[in-house]
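Going by our numbering, the residue at position 187 of the sequence shown is 187; the numbering climbs one at a time, nothing skipped. Down below is the structure, laid out as structure tokens.
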Amino acid sequence: MEGGVPQVLAMTMGDPAGIGPELTAAAWQALRAGGPAFMVLGDPALYPGVPVRVVTDAAQAAVVFAEALPVLPVGLACATRPGAPDVANAPAVIGSIARAVELALGGQVGAVVTNPISKLVLKQAGFAHPGHTEYLAELCGVPGREVMMLACPELRVVPVTIHVSLRRALDGLTTDEIVRCGLTTAEALRRDFGIAAPRLAVAGLNPHAGEGGVMGGEEGEIIVPAIVALRGEGIDVTGPWPPDTMFTPTARARYDAALCMYHDQALIPLKTIDMAGGVNVTLGLPIVRTSPDHGTAFDIAGQGVADPSSLIAALKLARDMTRNRSAA
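The following block contains the structure:
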């Protein structure tokens, strides 16, 4: 404990056939001396090549972390092979997430860090959610309040619409949703990132932010009213910004987070700038949750070539957000 805040983080298993197990082992190797300490909720057999210690709680994990990877057991239904996901193991993947959230809500761990899941595999098992973000909100009892942020040292982006097709994203874009995301983002920047007076930049939807309506009217009809409403809430917000120029170094210096209208508008610039250091953060939850900004990478799983940088960044950001939230 540090100032009453649990210092051990809960890491979920992710899909056991993906790169999660090897990234977990690599993250432990990198952080074992200086932390942040974490325990993984998974099958102890998934982590060959590093010493593993089965634990029953975060207190035990804190004691053994410097010497061994702490694992809170979550059994698999069947043996797994890298690159060969099995739908039979989906309940264990889901259970790992649920248990980690339970521990965080109970104050037994400082935050939740999730390894990548396969949305397709979970859907085949009957999983009703588009991804981690929506499921976490349900587990936390705040469905509909979740907001996804991708963050790296040079940029933070928030897509207003997330895991839907581009056509559905455009149909579902509303002033109210932009305002909701903006309010949640501003609050998170203050509480979790320690930014006293956050600055938001709102992207346009169309080329050149509509060029005064010549290239589309959504800016005037949907986006500008949201900006006005956010300013009415006392938030420092600018826009609509032309999406093709708002991610240059000069432009990025003028805001703390960019509100984007759809998934790829947000994620392409961030992953281009810093794929290795990018972190997925879920805002709007009563707990801190982070994740690497990549997927399961079944094609390279088990080959020893996966880069743990994003997972390590997710662990460090989770630690920092937990400390900021405690101090707020």
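Glycine residues also receive a C-beta, built at the ideal position from the N, C-alpha and C atoms.
Note down the Cα distance separating A62 from V52, rounded to an integer number of angstroms.
If you number the sequence shown from 1, residue 62 lands on position 62. If you number the sequence shown from 1, residue 52 lands on position 52. C-alpha separation (whole angstroms): 13 angstroms.
Between A30 and I312, is the Cβ-Cβ spacing less than 9 angstroms?
The residue labelled residue 30 in the question sits at position 30 within the sequence shown. The residue labelled residue 312 in the question sits at position 312 within the sequence shown. Yes, they are a contact pair.
Where do the ends of the beta strand (DSSP E) carrying A257 lie?
Looking up residue 257 in the sequence shown gives position 257. First-last of the beta strand (DSSP E) with A257: 257-260.
Nearest candidate by alpha-carbon position, reference A368, set Q265, P36, I300:
No statement about residue 368 is possible, as the shown extent of the chain runs from 1 to 328 and does not include it.
Inter-stretch contact at 8 angstroms, needing at least 3 Cβ pairs: the stretch 193-203 / the stretch 254-265:
yes
Assigned secondary structure, C181 (DSSP; H/G/I helix, E/B strand, else coil)
Numbered from its first residue, the sequence shown carries residue 181 at position 181. C181 falls in the helix class under three-state DSSP.
Checking the sheet assignment: what are the DSSP bridge partners for P73?
Indexing the sequence shown from 1 puts residue 73 at position 73. Answer by DSSP bridge pairing, in chain order: G42.
Inter-residue CB distance, P85 and D15 (contact presumed, cutoff 8 angstroms):
Sequence index remark: in the sequence shown, residue 85 carries index 85 (1-based). Sequence index remark: in the sequence shown, residue 15 carries index 15 (1-based). Going by Cβ atoms, the distance from P85 to D15 rounds to 6 angstroms, so yes, they are a contact pair.
Look up G4 in the DSSP assignment and say whether it is helix, strand or coil.
On the sequence shown, position 4 is the one that residue 4 refers to. In this prediction, G4 scores a pLDDT of 48, lower than 50, which makes its location untrustworthy; no coordinate-derived value is stated.
Reducing DSSP to helix, strand and coil, say where N89 ends up.
Translated into positions along the sequence shown, residue 89 becomes position 89. Residue state, collapsed to three classes: helix.
Less than 6 angstroms between C-beta atoms, sequence neighbours within five positions excluded: which residues of the same chain meet that for E219?
As a position in the sequence shown, residue 219 is number 219, starting the count at 1. So the qualifying residues of the chain are G204, A209, G210, P240.
With distances taken Cα to Cα, identify the nearest neighbour of A137 among G126, G284, L173.
For this step, residue 137 is matched to residue 137 along the sequence shown. The shortest Cα separation from A137 among G126, G284, L173 belongs to G284.
Assign P21 to one of two classes, buried (16 or more other C-beta atoms within 10 Å of its C-beta) or exposed (fewer than that).
Position 21 of the sequence shown, counting from 1, holds the residue named residue 21. Result: buried.
Name, in chain order, the residues that DSSP records as bridge partners for A301.
Numbered from its first residue, the sequence shown carries residue 301 at position 301. DSSP lists no partner for A301.
Hey, P269 and F247: beta-carbon distance below 9 angstroms or not?
As a working mapping, residue 269 is identified with position 269 in the sequence shown. As a working mapping, residue 247 is identified with position 247 in the sequence shown. Yes.
So what does N280 bridge to, in DSSP terms?
The residue given as residue 280 occupies position 280 in the sequence shown. According to DSSP, N280 bridges with L150, S291.
So, at 7 angstroms on beta carbons, what are the nonlocal neighbours of S309 in its own chain, with the 5 sequence-adjacent residues on each side left out?
By one-based count along the sequence shown, residue 309 stands at place 309. Excluding residues within five positions, the ones whose Cβ falls inside 7 angstroms are A276, G277.
Specify whether the stretch 124-141 and the stretch 100-115 touch according to this definition: at least 3 beta carbon pairs, one from each stretch, less than 8 angstroms apart.
yes
Whole-angstrom distance between C181 and L76, CA atom to CA atom:
What you label residue 76 is simply residue 76 of the sequence shown in a count that begins at 1. What you label residue 181 is simply residue 181 of the sequence shown in a count that begins at 1. Rounded to whole angstroms, L76 to C181 spans 37 angstroms at the Cα level.
What does W241 pair with, by DSSP beta-bridge criteria?
On the sequence shown, residue 241 is found 241 positions in, with the first residue counted as 1. BP columns for W241 point to A203.
Less than 9 angstroms between the C-beta atoms of I94 and L122, yes or no?
To locate residue 94, count along the sequence shown from 1; it is residue 94. To locate residue 122, count along the sequence shown from 1; it is residue 122. Taking 9 angstroms as the Cβ cut-off, I94 and L122 qualify as a contacting pair.
Can you give me the Cβ contacts of V288 inside the same chain, cut-off strictly under 6 angstroms, excluding the 5 residues immediately before and after it?
In the sequence shown, residue 288 corresponds to position 288, counting from 1. So the qualifying residues of the chain are A111, A318, M321, T322.
Leaving aside the five residues before and after G194 along the sequence, list all residues of the same chain whose C-beta is less than 6 angstroms from its C-beta, in chain order.
Here the question's residue 194 lines up with position 194 in the sequence shown. Here the set comprises N324.
How should L120 be labelled, buried or exposed, when 16 other C-beta atoms within 10 angstroms of its C-beta is the threshold for buried?
Taking the first residue of the sequence shown as 1, we reach residue 120 at position 120. It is exposed - the Cβ of L120 has fewer than 16 other Cβ atoms within 10 Å.
Which partner residues of A159 appear in the DSSP bridge assignment?
In the sequence shown, the residue the question calls residue 159 occupies position 159. The residue you asked about is not Ala; residue 159 is Pro in the sequence shown. Looking at the DSSP assignment, P159 forms a beta bridge with C260.
Return the Cβ separation of A27 and Y47 in integer angstroms, given the expectation that the two are a contact with Cβ distance under 8 angstroms.
Walking along the sequence shown from the start, residue 27 turns up at place 27. Walking along the sequence shown from the start, residue 47 turns up at place 47. About 11 angstroms separates the two Cβ atoms, so there is no contact after all.
Under the DSSP definition of a beta bridge, which residues are partnered with D236?
Here residue 236 refers to the residue found at position 236 of the sequence shown. According to DSSP, D236 bridges with R199.
On the CB-based measure, 16 or more other CB atoms within 10 Å of its CB, does R168 come out buried or exposed?
Reading the sequence shown from its first residue, position 168 is the one you call residue 168. The residue in question, R168, is exposed, as its Cβ has fewer than 16 Cβ neighbours within 10 Å.
Taking only three categories from DSSP, how would you classify V113?
Along the sequence shown, read from residue 1 onward, the residue named residue 113 stands at position 113. It is a strand residue.
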